[in-house]
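> Structure in structure tokens, see below.
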Amino acid sequence: MEKIRKYLAQKLRVFDSSKYDGQSQQKTLRELSLNGVVEYIKENENLKIITMAGAGISTCKYLPAGIPDFRSPSSGLYHNLEKYNLPQPQAIFDLDFFMENPEPFFMLARELLPEGFKPTPCHYFIRLLWEKGMLLRHYTQNIDTLERMAGLPPEKLVEAHGTFHTGRCLKCRAPYTLPWMKKKIIEGIIPKCEECDEGVVKPDIVFFGEMLPERFHDLIERDFVQADLLIIMGSSLVVQPFASLVDRVRSNCPRLLINKEKVGVQDRLSRLLGLRQGLVFDTKGSHGGRDVAWLGDCNTGCQLLAEKLGWADELRDLVKKEHERLDAEEKTD
Ligand code: CNA
0 MEKIRKYLAQ KLRVFDSSKY DGQSQQKTLR ELSLNGVVEY IKENENLKII
50 TMAGAGISTC KYLPAGIPDF RSPSSGLYHN LEKYNLPQPQ AIFDLDFFME
100 NPEPFFMLAR ELLPEGFKPT PCHYFIRLLW EKGMLLRHYT QNIDTLERMA
150 GLPPEKLVEA HGTFHTGRCL KCRAPYTLPW MKKKIIEGII PKCEECDEGV
200 VKPDIVFFGE MLPERFHDLI ERDFVQADLL IIMGSSLVVQ PFASLVDRVR
250 SNCPRLLINK EKVGVQDRLS RLLGLRQGLV FDTKGSHGGR DVAWLGDCNT
300 GCQLLAEKLG WADELRDLVK KEHERLDAEE KTD
């Protein structure tokens, strides 16, 4: 079985973390709970943390972030696409469909780029990890630019599915900025290139049929084998290849999921073939156990984590100070 597993891993180019397992003297969690993760962070110096995020970190209801995710029942975007008359929901992010009919995408973009939106406590918690020298990298599927707005430096950020931060003309490739695109999108105008007067300006988000950024492929090779802790927040972990990143850390690296629901758990066929390990919760007995699920709202989870780490005031002050700064900037615009 081991031979088959290794062969398939090689053939299918699936990451095989067992290669790296002997290389670390890593400690593991004493307790499979949020408290266990807190102890682990407090006890280990020079910890390298990777955070992975999805749309759930931006859905926050009580702060202005409030951007709908994809798959949440009733509030998710996929449940509210009837008005766009699409052949199927995914068509809205399909490059061929966009070339023929960009209107539905830009109507949706108005919902994804609300005026006055701000990062959430969860975004600022990630920034705190960076300020404390613990953040190896933040991998996000989000395209909403909230991590940048929260002050995370670009070198710490991998926007796996691209970003609204920049855009370019599909015909002459002329570059455009978010403020330029946003103005048109909010006014309900399809952004047309001012250089060639012909092409539609598409935000640099990755559509179906497009490659993920090179930066993503380059950095996952380097980063994940070094991580001492993986924190996954607000993602259904269904979109590949992002979802499989959880398997790229060493096999003893603790993984904390902060999400409304348990996600990313290994399916039976992958388990049998030893291909996709996925997250393994509720382990008892022989399996050492390293995965913790904290179920609930991402902001509540991050605030609780900050509190247990003794950073609650720092996080609160950071959110307050940064939101005031963003409010002031908006007024002067
Ligand atoms: P998804 O598939 O919609 O899953 C979101 C996950 O987050 C689900 O498991 C939810 O239960 C969970 N969730 C939602 N709200 C919260 C909350 N407040 N606290 C805790 N958990 C919550 O989204 P994914 O990101 O996994 O899917 C990948 C897609 C979504 C990417 O390609 C993104 O580009 C795309 N997307 C991005 C945005 C954005 O940039 N804000 C918005 C909508 C979709």
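Quick note on numbering that gives the first Met the number 0: the sequence shown kicks off at 0 and runs consecutively. Positions of the beta carbon are idealized from the N, C-alpha and C atoms, including for glycine. Quick caveat: nothing in here was measured; it's all calculated off a predicted structure.
Tell me whether Glu306 sits in a helix, a strand or coil according to DSSP, three-state version.
Residue 306 sits at position 307 when you count from the first residue of the sequence shown. Three-state DSSP puts Glu306 in a helix.
> Given 8 Å as the limit, is there contact between the stretch 89 to 105 and the stretch 115 to 133, that is, 3 or more CB pairs closer than that?
No, because fewer than three Cβ pairs between the stretch 89 to 105 and the stretch 115 to 133 fall closer than 8 Å, the two stretches do not touch.
> So is the beta-carbon of Gly132 under 6 Å away from any non-hydrogen atom of ligand 1?
Within the sequence shown, residue 132 is the residue found at index 133, counting from 1. The answer is no for Gly132.
> Could you spell out the range, first to last residue, of the alpha helix (DSSP H) harbouring Asp326?
Position 327 of the sequence shown, counting from 1, holds the residue named residue 326. It spans 311 to 331 - the alpha helix (DSSP H) in which Asp326 sits, taken as one unbroken run.
> Using only the alpha-carbon positions, how far apart do Gly161 and Leu236 sit?
Counting from one through the sequence shown, the residue named residue 161 turns up at place 162. Counting from one through the sequence shown, the residue named residue 236 turns up at place 237. Going by the C-alpha atoms only, they are around 17 Å apart.
> Do Ala108 and Tyr138 have their CB atoms nearer than 7 Å?
Counting from one through the sequence shown, the residue named residue 108 turns up at place 109. Counting from one through the sequence shown, the residue named residue 138 turns up at place 139. Not in contact: Ala108 and Tyr138 (Cβ atoms no closer than 7 Å).
> With DSSP as the reference, label Ile189 as helix, strand or coil.
Sequence index remark: in the sequence shown, residue 189 carries index 190 (1-based). Coil.
> By the 10 Å Cβ neighbour count, where 16 or more other Cβ atoms means buried, how is Ala358 classified, buried or exposed?
Outside the modelled stretch of the chain, which goes from 0 to 332, sits residue 358, for which no answer is possible.
> Return the Cβ separation of Leu218 and Arg254 in integer angstroms, given the expectation that the two are a contact with Cβ distance under 8 Å.
Along the sequence shown, one-based indexing puts residue 218 at 219. Along the sequence shown, one-based indexing puts residue 254 at 255. Actually they are not in contact, since the Cβ atoms of Leu218 and Arg254 sit about 18 Å apart, beyond 8 Å.
> Determine the DSSP secondary structure at Glu110, reduced to helix, strand or coil.
Locating residue 110 in the sequence shown gives position 111, where the first residue counts as 1. Glu110 falls in the helix class under three-state DSSP.
> Does the Cβ of Lys55 lie closer than 6 Å to at least one heavy atom of ligand 1?
Here the question's residue 55 lines up with position 56 in the sequence shown. The sequence shown places Gly at residue 55, not Lys. Gly55 Cβ: within cutoff of ligand 1.
> Have a look at Thr165, Gly198, Thr299, His216 and flag the residue whose alpha-carbon is nearest the alpha-carbon of Leu204.
In the sequence shown, counting from the first residue as 1, residue 204 sits at position 205. The question names Leu, but residue 204 is Ile in the sequence shown. Cα-wise, what sits closest to Ile204 is Thr165.
> Taking Cβ to Cβ, would you say Cys121 is nearer than 7 Å to Asn258?
On the sequence shown, position 122 is the one that residue 121 refers to. On the sequence shown, position 259 is the one that residue 258 refers to. Not in contact: Cys121 and Asn258 (Cβ atoms no closer than 7 Å).
> For His137, which beta-bridge partners are listed by DSSP?
Indexing the sequence shown from 1 puts residue 137 at position 138. Bridge partners of His137: Thr50, Leu156.
> So what does DSSP say about Met232, is it helix, strand or coil?
Stepping through the sequence shown from its first residue, residue 232 is reached at position 233. Met232 falls in the strand class under three-state DSSP.
> Can the beta-carbon of Leu177 be found less than 7 Å from the beta-carbon of Lys155?
What you label residue 177 is simply residue 178 of the sequence shown in a count that begins at 1. What you label residue 155 is simply residue 156 of the sequence shown in a count that begins at 1. Result no, Cβ atoms of Leu177 and Lys155 do not sit closer than 7 Å.
> Alpha helix (DSSP H) containing Phe215: first to last residue?
As a position in the sequence shown, residue 215 is number 216, starting the count at 1. Its alpha helix (DSSP H) spans residues 213 to 222.
> Does DSSP put Pro118 in a helix, in a strand, or in coil?
Counting from 1 along the sequence shown, the entry for residue 118 is found at position 119. Of the three classes helix, strand and coil, the one that applies to Pro118 here is coil, per DSSP.
> Per DSSP, what are the beta-bridge partners of Pro174 in this structure?
For the purposes of this step, residue 174 is taken as the residue at position 175 of the sequence shown. Bridge partners of Pro174: Arg167.
> Within 10 Å of its beta-carbon, does Ala45 have 16 or more other beta-carbons around it, so buried, or fewer, so exposed?
Here residue 45 is taken as the residue at index 46 of the sequence shown, counted from 1. Inspection of the sequence shows that residue 45 is occupied by Asn rather than by Ala. With fewer than 16 other Cβ atoms within 10 Å, it is exposed.
> From which residue to which residue does the alpha helix (DSSP H) around Asp227 run?
As a working note, residue 227 is residue 228 in the sequence shown. Neither: Asp227 is in no alpha helix (DSSP H) and is coded neither H nor E.
> Going straight from the alpha carbon of Lys182 to that of Leu268, what length do you get?
For the purposes of this step, residue 182 is identified with residue 183 of the sequence shown, where counting begins at 1. For the purposes of this step, residue 268 is identified with residue 269 of the sequence shown, where counting begins at 1. Those two C-alpha atoms are separated by around 48 Å.
> DSSP state of Leu95, grouped into three classes?
Indexing the sequence shown from 1 puts residue 95 at position 96. One point to set straight first is that residue 95 is Asp, not Leu, in the sequence displayed. If DSSP states are grouped into helix, strand and coil, Asp95 belongs with the helices.
> State yes or no: is the C-beta of Ile66 within less than 7 Å of the C-beta of Ser57?
Walking along the sequence shown from the start, residue 66 turns up at place 67. Walking along the sequence shown from the start, residue 57 turns up at place 58. Cβ atoms of Ile66 and Ser57: closer than 7 Å.
> Helix, strand or coil for Asn258, going by three-state DSSP, please let me know.
Here the question's residue 258 lines up with position 259 in the sequence shown. DSSP places Asn258 in strand when its eight states are reduced to three.
> Using a Cβ-Cβ cutoff of less than 7 Å, which residues in the same chain neighbour Phe105 once the five nearest sequence positions on both sides are dropped?
On the sequence shown, position 106 is the one that residue 105 refers to. Here the set comprises Ile184, Ile189.
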